[in-house]
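Protein sequences, first through last, are from chains A and B.
When you read off a place in the first sequence, starting at 1, and then add 889, the result is the number in our numbering.
When you read off a place in the second sequence, starting at 1, and then add 12, the result is the number in our numbering.
This report refers to the structure that appears directly beneath it.
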Amino acid sequence: MDQIESESLYDERGNVNWARPLLQGDVFDGIVLPGFGDQPMKVQIISHPCTMRMGANLTLRITVAPVEPHSSVVGQRGWDGNLRVMPLPGLIDEKHFATKFIDVTAAPAVLLTRPRRIATLSHQGIYILQQRLIKHYTRVEMPLELLRRQSAAVLTEAVLQWEWIEEVLTEAELADESAIEAEAKAFDTWLGEGDPSCRALLQNEIHHTDVHRRALRAARDRSRTRKDQK
Amino acid sequence: MTVTAGGQPTGAAAGGFSDYAPLPPTSTRALSLRADYLRTEVDMLGREVQEWHGEARERDLTDRIFEKTKKSVSGLLEELAGERGMGWSDIAEVVGVSISAVRKWRKGGDASPESRSKLARIAALLDVLEEKGIVQDPAAWMEMDLPLDRGYFIRPLDLYLEGHVLKLIDLAEQRQTVAQVLDQVRPNWRAGRSDFEVFNDTDGQRSIRRRDE
């Protein structure tokens, strides 16, 4: 099983960029999980990026698992000795936590808001999470390269959406969840246009650079149009 | 059977070694010696040229990196992402930072001199790959799996991250095959073949299944 240093595991901790779409591995705080008592808790999204959306919208419920303090999730022994959890070393103030796969459940998507998001994983971190989930449920160990290839299209789409939103929205709008959601829909519409659509082209890595250039041009055009209209 | 040379018996039929008639200078032995000498010369010259070529490439790359470092970090990112179309995750991986960090630089945030140098290095390499005329879209090439049998998932970007820049240029120039390069830089690469493969599933998404040989 692979392991990863905390510097490489996270994309952000603490103040997380709102423009980044919700993704597998995101950690939220203050979530009251149905069936887990009244106390707000930390949870991590477990759903694969392919299965947590219907078009641009999140599914009504999203698979999550509770995140709890865990002192022994660092070092080789920490990673190899705790196969039922996803180690989250240094998640908050250098304190260690872990996601408990055994308590996986579904959370209403409306609870998983951007202000409640306290950490996001790097792509490498997402592959590690996927590897551990597969191991937990099937005892099969998948190489990270394979998981990278499987997730390439959907993770590239997520980063393009992030870039699109930052290009189009103003600083004030980037602090407004509804403006971000609206722009995510505009990106989704753009991605599905044409035949073949850019979304279809993303299924082959050879087109990724071309789709990236096209997305950036379209986002800048949209940004200019919006400015002209104001 | 008696073997003769110049009408004289040779080998066992001729008796001992000293019984061989002296060979004239134009004989096959002299020709063989000459060929030995020439081949050694060519091999040595070949190695020398290869070393010199490597040095020249390194100097060329260093010059290009120096030129690139004159650009601002946001300028380098515009070149890599905006013009080349390189993915933000790949850029982040090359520099060894998070995507968020790179996105902040894009908007004017400060990057360390080391990060700036890493951005300049990849930008310089992409120029080289394109100018050689073999790789039309070098950023896309870096992201593609190398043409190997099913079950291998190795990208030029992976070799770059391991520091094999000149080998990458060799590969792009088709001076060596993918297998030859991997034998040199990853001697155990064949053991990394996966029993699984990625395929486009019925819902249009990618899935993983056992490789069917």
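Positions of the beta carbon are idealized from the N, C-alpha and C atoms, including for glycine.
The model shown is predicted, which means the values in this text are computed figures rather than measured ones.
| Check | Outcome |
| --- | --- |
| Does the CB of A/Leu1001 have a neighbour CB from chain B at under 8 Å? | no |
| A/Ile1095 to A/Asp1110, Cα distance in whole Å? | 25 Å |
| Is there a C-beta anywhere in chain A that falls below 8 Å from the one on B/Trp100? | yes |
| Taking its Cβ as the centre, do 16 or more other Cβ atoms sit within 10 Å of B/Gly18, making it buried, or is it exposed? | The predicted model places B/Gly18 with a pLDDT of 48, which falls under 50 and marks its position as unreliable; any figure quoted below should be read in that light. B/Gly18 comes out exposed. |
| In angstroms with no decimal places, state the Cα-to-Cα distance between A/Ala1108 and A/Thr1098. | 15 Å |
| Alpha carbon to alpha carbon, what distance is there between B/Trp100 and B/Thr74? | 24 Å |
| Residues in the segment 932-952 of chain A with C-beta within 7 Å of chain B's C-beta atoms, listed in sequence order? | Cys939 |
| State yes or no: is the beta carbon of A/Arg1038 nearer than 8 Å to at least one beta carbon in chain B? | yes |
| Could you check if A/Gln1019 is buried or exposed, using at least 16 other CB atoms within 10 Å of its CB as the buried criterion? | buried |
| Who are the Cβ neighbours of B/Pro159 in its own chain at under 8 Å, not counting the five residues just before and after it? | Val190 |
| Between B/Leu178, B/Val106, B/Glu63, B/Gly204, which lies nearest to B/Val193 when the distance is taken from Cα to Cα? | B/Leu178 |
| Pairs of beta-carbons, one from the segment 902-921 of chain A and one from the segment 1005-1018 of chain A, closer than 8 Å: are there three or more? | yes |
| Would you please state the rounded distance, in angstroms, between the beta carbons of B/Leu137 and B/Arg118? I believe it to be under 8 Å. | At roughly 20 Å, the Cβ-Cβ gap does not stay under 8 Å, so B/Leu137 and B/Arg118 are not in contact. |
| Closer than 9 Å, Cβ to any Cβ of chain B: which residues of the segment 1040-1069 of chain A, in chain order? | Ser1040, Ala1041, Ala1042, Val1043, Leu1044, Thr1045, Val1048, Leu1049, Trp1051, Glu1052, Glu1055 |
| Where does A/Met975 sit, in a helix, a strand or coil, going by DSSP? | strand |
| Distance, Cα to Cα, B/Asp226 vs A/Gln1118? | Any property of residue 226 of chain B remains undetermined from this structure, which presents chain B solely from 13 to 225. |
| Between B/Ser84 and A/Asp900, is the Cβ-Cβ spacing less than 8 Å? | no |
| Anything in chain A within Cβ reach of B/Gly149, meaning under 7 Å, just list it in chain order. | The sequence shown places Asp at residue 149 of chain B, not Gly. Within 7 Å Cβ-Cβ: Thr1098. |
| For the pair the segment 1018-1035 of chain A and the segment 1072-1085 of chain A, tell me if three or more CB-CB distances fall below 8 Å. | no |
| Relative to the C-alpha of A/Val952, which residue among A/Ile1069, A/Thr994, A/Gly903 is closest? | The question names Val, but residue 952 of chain A is Thr in the sequence shown. Closest option to A/Thr952, Cα to Cα, is A/Thr994. |
| Residues bridged to A/Leu1010 by DSSP? | A/Tyr899 |
| Quick one: which chain A residues come within Cβ less than 9 Å of B/Glu155? | Ala1041, Glu1094, Ile1095, His1097, Thr1098 |
| Kindly indicate if chain A contains any beta-carbon less than 8 Å away from that of B/Ala135. | no |
| Considering only residues of the same chain and omitting the five flanking positions on each side of B/Arg221, which have a CB-CB separation below 7 Å? | Phe208, Glu209, Phe211 |
| Report the residue ranges of all alpha helix (DSSP H) runs contained in full by the segment 945-991 of chain A; include only those spanning at least 4 residues, in chain order. | 964-969 |
| If we define contact as Cβ-Cβ less than 8 Å, is B/Asn212 a contact residue for chain A? | yes |
| On the DSSP bridge list, what partners appear for B/Ser219? | B/Phe211 |
| Consider the Cβ of B/Phe78: report whether some Cβ of chain A lies at a distance smaller than 8 Å. | no |
| Would A/Ile991 be called buried (16 or more neighbouring beta carbons within 10 Å of its own) or exposed? | exposed |
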